[in-house]
Amino acid sequence: MCPSDSLPGLSAGEVKQRIDRGQINSAPEHPSRSIAAILRENTLTLFNAILGTLLVLILAFGSLRDALFGLVLFGNMLIGIVQELRAKITLDRLSVLSASKARVIRDGKLQEIDIDGVVLDDILELQRGDQVVADGELLESSWLEIDESLLTGESEPIRKGQGDSLLSGSFTVSGSGVYRATAVGNDSFARKLTSEARRFKLVHSELRTGINKILAGVTWIMIPAGLVLFWREAGLSSFSESVAGSVAAMVGMVPEGLVLLTSVAFAVAVVVLGKRKVLVQELPAVEGLARVDTACFDKTGTLTEPGLHFNSLELIEGGNQSGPESQAVIEKALAALAADPASQNSTSDAIAAAFPAHGNEESAVSSRVPFSSERKWSSATIGGRSWYLGAPEILSDRLAGAGGTSSFGGRVSELAQTGKRVLLLASNEGDAAEEQLPEGLKAAAMVVLEEKIRGDAAETIDYFRQEGVAVKIISGDNVETVAAVAARAEVDAMAGPVDGRNLPEAPDGLAKVMEEHSIFGRVTAQQKLSMVKALQAGGHVVAMSGDGVNDTLAIKEADIGIAVGTGAAAPTKAVAELILLDGHFAKLPGVVAEGRRVIANIERVAYLFVTKTCYATLLTVAIAILGWPYPFLPRHLTLVGAITIGIPAFFLALAPSKERYRPGFIGRVLHFTIPAGALLAAGTLAAYALSRSVGADLEQSRTAATITLTVMGLCVLAMLARPLTFWRYVLILAMIAGLVIAAATPLIRDFLAFEFPSAEVMAESMGIAAACVAILAAGMKLTGWHPGGRASPE
């Protein structure tokens, strides 16, 4: 389309004026968070401040050998920083507008410029395949049809005429036009949507929330306890020894490795899922999907494959197939109609794939009428005969003879009820008249098209149903079509489909509808967002999947957002926590299983870490009250932690598990760790007191306490590792061997400052350890406790 004399466009001076006023199609970038903010929020935390202070103290006044806990401190910070920097990079690349150039009319000439160079009131040209780069008003139109599916979810192209509005981010699928930019930059639809989606949001993780609550509680206990202990130790030993003892006590109270191990477990799950073509953009998302109880799926591109597909060609009885309407002639006519470049859309693409043109169809066509969504038909004249392809309800009014669709109308209704799209092919003698359907058409065939259900959709939905997850289908498409597709995917319709135009605006009313229904059509992007919020307000953990821009805000608001396929819109992929790279729904059960493995295993190792926190806290308080030297050096607790917690926890955290998610993480952990920690503290304190009572020196007493605590810790490990499979037996035996090697190797023994008391003291210490473990085992058996909170093993 060439610029008309009536549309000279802006002059160079007018363009400069608008640039000076900032009325341009570029918006200042507002990253989710600055790098400085990310570094600050991952380093300047109470947890890091305490461990960092302890590290400085031990480096200044103690031994470098006691500073090994600093590695965990830096590991925690590094993982958090890397994760958020990765999210920042993704969000900063977010853009709805993917076009790089635009054609504008200025000073009466057509020019190609960068989209950032478009200014308010610019006159822009559109051709098939062009993206609308700024909101605007259509000034001229030649069969212009716009695809707004990424913005609204409506899969049908929309015919646009003079005076109609255009939204940035939509695409031209046929025809051409000229429009004036009425909103640019931050004021345009696409930019507003992008801005809303840009807001940074970390995935909620029950594991991390629970761990953080434990850490917060420990922090407020350890500070006063550590200060009291230092005050009491200062009167018994040198300043450096007092610092070492106090630091050992405070470090022992912090389950510092639990946070690191949680991130490691998430990271390993990300790698595993990546090999299955599932991209995880935020680590806790692996856990999140395992907690979901309501899954909202879009229809187009999610339940269905992109585009339309040819299903069948049904010849119509009475169409005189032995004559001109023979199947070969019909197929040739369909090939010619689908080959029209002015009519190309998803419908013509599906027909062209089934009936490809062989080169001579176009030359045989003497005249055409392109398809229009307003007319709902197209035509081509071949050899003096015109062929019409369009909606049955439109063409049937022009069929020859009474009854019109009487011979095939029932079949059209039957097919439509199954979600299939039916086109009628009819013909008559003579050339087609543009914009007018002639009387006396003869029906020849029905072309049946369908949105193809993904092969894994029904199986995946059935999986969620069996797992107690409610499935909701939420689409911007026609409600009848959505219902038919949902039925083919075996989604329970519950109380019947709901038209989004009839949804209540009040949150309470919307929440009620969401509980009672499962299929929704004609839903806008803003309604999808409100629906997710309504479900969350009802206490549900919500997953939302989709591939269009209209899904972006809902996907971002959901507890877990899932973008389907690499062809999903850029903002949808950017805000989603999970991206199914190959678009296969069958990957979701695997993600759920991986999340369950992480949740179950991190809970199991949390028992180990929090047990350590409990016994370290109780020992600190008891020692401070008694006024004794602390029974451990920091390196002693490093040994105990490595053998009874750190190394075995790493393997347990990565082990297979199929346990279902259950809320109440903190309650279950405390139910075990408080009595376990109390008994381990009591046993350690008793062994320490025993060695002191027989005149053993401080090094000997500390050695007895360390060995006693390690032995009890290994017994607790064996309890938590159930069911004891072969590899778990090997793991426990390896840890026992590690303790023996540490105690027997002179170099290691010297590093640890071990000096063993008499054999009698060690034997009595082991008896104390056995008694404490027996009491713990008996108590757990009486209460029916088992790792994971069940009454019996798997």
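128 is the number of the first residue of the sequence shown in my numbering; add one for each residue after it. Ideal Cβ placement from N, Cα and C applies to all residues, glycine included. Being a predicted model, the structure only gives us computed values, none of them experimental.
For V737, the CB contacts under 7 Å within the same chain, skipping 5 residues up- and downstream, are I341, P382, V796, T800 in chain order. In the structure shown, R307 adopts extended strand secondary structure according to DSSP, grouped into three states. A direct Cα-Cα distance of roughly 24 Å separates L334 from A701. Of E721, A139, A832, T651, the smallest CA-CA separation from G415 is found for E721. Here F437 carries a strand assignment [DSSP, helix/strand/coil]. Below 8 Å, enough C-beta pairs join the segment 826 to 839 and the segment 746 to 761 to call them touching: three or more. Here DSSP, grouped into helix, strand and coil, assigns Y515 to strand. Here the C-alpha atom of L817 lies approximately 37 Å from the C-alpha atom of N339.
Distances from the CA of S885 to each of L879, F878, M893 were compared; the closest alpha carbon is that of M893. Using a Cβ distance threshold of 7 Å, A553 and Y515 count as a contacting pair.
Straight-line spacing of the CA atoms in G511 and A571 works out to 17 Å. Inter-residue distance for E239 and A164 is about 40 Å (C-alpha atoms, whole angstroms). S292 counts as exposed, since fewer than 16 other beta carbons sit within 10 angstroms of its beta carbon. Ranked by Cα distance from C741, the options P756, L764, G804, Y734 are led by G804. Assigned with DSSP and collapsed to three states, A880 falls in coil, not helix or strand. Going by DSSP, S295 is part of no beta strand (DSSP E) at all; its letter is neither H nor E. The Cβ atoms of I646 and A610 lie closer than 7 Å to each other.
Excluding its 5 nearest sequence neighbours in each direction, C423 has C-beta neighbours in its own chain below 6 Å: K599, I601, M671, listed in chain order.
Burial state of L526 is buried, judged by a 10 Å Cβ sphere holding 16 or more other Cβ atoms.
Fully contained in the segment 777 to 853 are the following alpha helix (DSSP H) runs of length 4 or more, in chain order: 792 to 820, 825 to 847.
By the Cβ-count criterion, N169 is buried, with 16 or more other Cβ atoms from all chains shown falling within 10 Å of its own Cβ. The DSSP-derived three-state label of G666 is coil.
In the three-state reduction of the DSSP assignment, D635 falls in the helix class, which pools H, G and I. Contact between A681 and K655 holds: CB atoms are separated by about 4 Å, below the 8 Å threshold.
Taking V496 as the centre and dropping the five residues before and after it, the same chain places the C-beta of S505, S506, A559, E561 closer than 7 Å to its C-beta, in chain order.
When the alpha-carbon of L440 is set against those of V549, D476, K236, M349, the nearest one is in V549. Rounded to whole angstroms, the separation of the alpha carbons of V668 and F316 is 30 Å. Here the alpha carbons of A664 and V231 stand approximately 47 Å from one another.
Within the model, the alpha-carbon separation for A901 versus L708 is close to 52 Å. If you compare the alpha carbons of V259, H485, G235, Q544 with that of D241, the shortest gap goes to V259.
At the C-beta level, V413 and L184 stay beyond 7 Å of one another.
Around the beta carbon of N629, fewer than 16 other beta carbons sit within 10 angstroms, so the residue counts as exposed. Under the 10 Å beta carbon count, E556 is surrounded by fewer than 16 other beta carbons and is classified as exposed. Contact between L205 and V407 fails: their C-beta atoms lie close to 18 Å from each other, not under 8 Å. Counting only residues of its own chain and dropping the five nearest sequence neighbours on each side, A776 has a CB closer than 6 Å to the CB of L388, V732, L735. Going by beta carbons, V246 and V405 fall outside the 7 Å limit.
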